[in-house]
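4 protein chains.
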Amino acid sequence: MNLGTVSSGVVESRVSTRFDRRLARILDHATAIFCEKGYERASMRDLSRACGMSLAGLYYYFESKQRLLYLVERESFERVMDLLSERLNGVADPEARVRVFIQNHVEFFLARPKVMKVLSHEDDVLEGELGTEIAAIKRSYYRACADLVECLKLDRNQRFNSRNAVMALFGMINWLYTWYNPTVDGSPAVLAQDFADIFLRGVYSGT
Amino acid sequence: MNLGTVSSGVVESRVSTRFDRRLARILDHATAIFCEKGYERASMRDLSRACGMSLAGLYYYFESKQRLLYLVERESFERVMDLLSERLNGVADPEARVRVFIQNHVEFFLARPKVMKVLSHEDDVLEGELGTEIAAIKRSYYRACADLVECLKLDRNQRFNSRNAVMALFGMINWLYTWYNPTVDGSPAVLAQDFADIFLRGVYSGT
Amino acid sequence: MNLGTVSSGVVESRVSTRFDRRLARILDHATAIFCEKGYERASMRDLSRACGMSLAGLYYYFESKQRLLYLVERESFERVMDLLSERLNGVADPEARVRVFIQNHVEFFLARPKVMKVLSHEDDVLEGELGTEIAAIKRSYYRACADLVECLKLDRNQRFNSRNAVMALFGMINWLYTWYNPTVDGSPAVLAQDFADIFLRGVYSGT
Amino acid sequence: MNLGTVSSGVVESRVSTRFDRRLARILDHATAIFCEKGYERASMRDLSRACGMSLAGLYYYFESKQRLLYLVERESFERVMDLLSERLNGVADPEARVRVFIQNHVEFFLARPKVMKVLSHEDDVLEGELGTEIAAIKRSYYRACADLVECLKLDRNQRFNSRNAVMALFGMINWLYTWYNPTVDGSPAVLAQDFADIFLRGVYSGT
DNA sequence: GATGAATGAGAATTCATTCAT
DNA sequence: GATGAATGAATTCTCATTCAT
């Protein structure tokens, strides 16, 4: 599966039924609206207007507003994580692997700025099972990063506080949605490198 | 103004009328509720319950829910900024000055975790004049930090991308609200140092 | 028409087309659902789920939800009434005839507890022509009973208030749906006899 | 407490605040609407129209439509039961006591035909705690009647099936709401006597 | 015969806010 | 200073029904 070629659609798959395609379109609109107004302020009416579909018609495609957010979030997380393991494949050097993580995250989400904001900003809103499931996915994404950092630490014989370091890194990359402007800020690749440099030099203690 | 002696109240001033003191109490409750449920989901009823005051009674102290958030945000920003300039006073070394900024921010907001979340999370919600005003304050806080970093860069003769660096720093410290747990994570002072180390080493390029 | 051989289906007839048979199955499901949730709360979606048929497919068999209830009600009423006249055939004694009515009603509906509830409970809901028609059928069922009681009254030279008596009787037998429990309450036959005894002794005034 | 003088209001008490009085008015309208259209078909809009109050204004007086029905039902049940024990006071003869029960029920509810219908017809609709509570009240009303009948049975040395008898009685009196017409049917007192005669003669077996 | 997709109308409920008192 | 009572507008979601295929 070559995810690299997929640029903007939230949902995509080799065989997509008409239902899937329409749902995907709705999810795209939903992402845009959740991004613009925030999940809570975004109303189903707003979405209905954006989709050019009746309010009731929307509900043919999913059962609730919460489920809508869930679908947006799950889809994206699975996508970055798939892409990450693919890119990590064959990269052995611990430092290089951390760089791959940062690059992957920054490039993926800078290509989908709206999703990025929704994921970063609407962290807590899902309740019940849906919330639990998303929380689990997020945890495993965090774990993946933490493991890479841990390996690096061992490899380089460093003694920095891992949790603080990983959280600092997540801070850098998750805060992106609040300020990145494609017209004034550099290319995603360059930015990723800047972040990687700051992080890596940052955690290495002298000697 | 000696902010160091003020421990918990959001609003305080040398001469505080009874009105001011009651408003301050309301703002504290509002902060707690905005933190817990998010601004949009928090209802005036929730606040009324928390304050033990009637819904209508609340409106004697402020004009609208938006204004409430505005007051909470403005107050806190003014406080960190005042505290910052006070602490910067007499510190000359550019690196030390950046460290002071980080320490001030981390310590101030870790002492007020609820305010920290509200400020970081409810960034966009204010509209109109209120929004413009808060945006201006935030910009000046950003500017203060950016200036410190710029001085450091000149002083050390570095060539990192300033905006990226400053934004990486803000990412670290603003993301704190999502993960910091006083019982498992170190003291604010230690954490601030960790962050400062990561940032400073991070932006210095070798040689 | 020999109704005695028909055990459970709501709708059945000597020559039943495939259409009739499928409609009958739908009516059975509809009866169950109307019984369980009440007509108003029961949704066409519930029915569609129960039938394993699409919502739209259902409408091939009837025009509207109201018509569905109408069919359920009409069918059952016609069945009890047919069965009644059959059983009354050859019974001459006025008291025995009243006993036959009670037995017939109790046994018929205790064999179809769901129908019993729907008929007793969803009395008013049909509007327009459909409502008028069902009302007419109910009236003729009431009339049949009232006539039997009237004959008995004349035969025994009694002077009880007929309407009150008949309504008391209908009360007993229509209220059954709210309490009858096959595992704790006696057989329908015994229950019918109890009711008949209470009613008959009840209306006879001494001497 | 002299409940005999209270004729129609659903809620009343010696000291009734303005809130109570307005709530009572709403409950009266609600009773009328639930009676006319059934609980499920009755909409809060219907009630709002009937009360001449805004939809939102209604909710100042109770928290949900279910609670509204609960209040109507509880109030009435408590009233009949209070009235019953009052009237039973000083009546020793077991048969007389059963007559008092029937008279009390018939007269109370024939004076409040709308409440009667709501209570008889909307039996199952309340869910959760509200439903449990109402079910408990109904059970205790049933128990009261069953106890009276049991005493009578012992006193007269009869052997009829008590449950069937009591249920037959409840059938008679609860079915009333479907047919009683004050202009053609006799006075409540006479009707109650008719019912009592039917029931008492009905359960006594000869000799 | 049957269905996927869609809809207008309406459901209960909540919201921030106001105003006479 | 503070509140009880009220409201218009909006919320999410469900309903019976339809129609092209």
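Protein chains in written order, with the working numbering: chain A, 20 to 226; chain B, 20 to 226; chain C, 20 to 226; chain D, 20 to 226.
Here a beta-carbon is modelled for each residue, glycine too, at the ideal position from N, C-alpha and C.
Exposed or buried, what is Ala208/A when buried is set at 16 or more other beta-carbons lying within 10 Å of its beta-carbon? exposed
*Would you list, in sequence order, the uninterrupted alpha helix (DSSP H) runs of no fewer than 4 residues that lie entirely inside the region 166 to 208 of chain A?*
181 to 194
task = Please list the residues of the region 205 to 221 of chain B that have a C-beta atom closer than 9 Å to any C-beta atom in chain A, keeping them in chain order.
result = Gly205, Val209, Leu210, Asp213, Phe214, Asp216, Ile217, Phe218, Leu219, Arg220, Gly221
Problem set entry | Closest Cα partner of Asn193/A within the set Leu129/A, Leu87/A, Gly109/A | Leu129/A
#### Entry: Per-residue burial, Tyr89/A [other beta carbons within 10 Å of its own, 16 or more giving buried]
buried
- [ ] Spell out whether any CB of chain D is found under 8 Å from the CB atom of Ala130/C.
- [x] no
Practice item. Note down, in chain order, every chain D residue with its Cβ under 9 Å from the Cβ of Met186/C. Key: Met191, Trp194, Leu195, Thr197, Trp198, Tyr199, Asp204
DSSP on Asp101/D, reduced to helix/strand/coil? helix
Legend entry - Listed by chain order, chain D residues near Tyr223/C by CB distance under 8 Å: Arg220
**Prompt:** Between the region 213 to 224 of chain C and the region 130 to 138 of chain C, do at least 3 Cβ pairs fall closer than 8 Å?
**Reply:** no
With distances taken from CA atoms, which of Arg68/A, Tyr78/A, Arg41/A, Phe38/A is nearest Ile52/A? Arg68/A
Practice prompt. Would you check if the region 138 to 151 of chain A and the region 50 to 65 of chain A touch, i.e. whether three or more CB-CB distances between them fall below 8 Å?
Written response: yes
Problem set entry | Buried or exposed (CB count within 10 angstroms, at least 16 for buried), Leu74/D | exposed
Put Met63/D into one of helix, strand or coil per three-state DSSP. helix
Just how far apart, CA to CA, sit Ile121/D and Asp101/C? 36 Å
Compare the C-alpha of Leu103/B against each of Val203/B, His124/B, Arg162/B and name the closest. His124/B
Original post:
CA-CA distance, Glu97/C and Leu42/D?
Top reply: 46 Å
- Message: With a threshold of 7 Å on Cβ separation, who are the neighbours of Ala211/A within its own chain once the five nearest residues in sequence on each side are excluded?
- Response: Ile121, Gln122, Val125, Glu126
- Query: How about Phe179/A and Ser224/A: are their beta carbons less than 8 Å apart?
  - Reply: yes
Between the alpha carbons of Glu146/C and Glu148/B, how many angstroms are there, rounded? 57 Å
*asked:* In whole angstroms, give me the CA-to-CA distance for Leu195/A and Leu66/B.
replied: 32 Å
If the criterion is Cβ atoms closer than 8 Å, does the pair Val144/D and Cys164/D meet it? no
Next on the checklist: Is there a C-beta anywhere in chain C that falls below 8 Å from the one on Val25/D?
Outcome noted: Any reading at Val25/D needs caution, since the residue's pLDDT is 37, under 50, leaving its predicted position unreliable; the model's value is listed next. No - not a single Cβ of chain C is within 8 Å of the one on Val25/D.
Which value, in whole angstroms, describes the spacing of the CA atoms of Arg86/B and Thr151/B? 13 Å
Please state the DSSP three-state secondary structure of Cys164/B. helix
Quiz item: Arg118/C CB to nearest chain D CB: under 8 Å?
Solution: no
ask   = Do the CB positions of Val91/A and Leu107/A come within less than 8 Å of each other?
value = no
At a Cβ cut of 8 Å, what residues of the region 155 to 184 of chain B count as close to chain A, listed as they run along the chain? Phe179, Asn180, Arg182, Asn183, Ala184
Which of helix, strand or coil DSSP assigns to Gly71/D: coil
Collapsed DSSP secondary structure at Ser224/C in the structure displayed
coil
In chain order, what residues of the region 60 to 80 of chain D put their CB closer than 9 Å to some CB of chain C? Arg60
### Message
Within 8 Å of any Cβ in chain B, is that where the Cβ of Asp142/A sits?
### Response
yes
Exposed or buried, Ala154/D, counting other C-beta atoms within 10 Å across all chains shown (16 or more means buried)? exposed
(message) Cβ closer than 8 Å: which chain B residues qualify as neighbours of Gly57/A?
(response) Glu59, Asp143, Val144
**Study point:** Coil, strand or helix - Leu6/A by DSSP
**Key:** The displayed coordinates of chain A run from 20 to 226. Any statement about residue 6/A would go beyond what the structure contains.
Where the alpha helix (DSSP H) through Arg40/D begins and ends: 37 to 56
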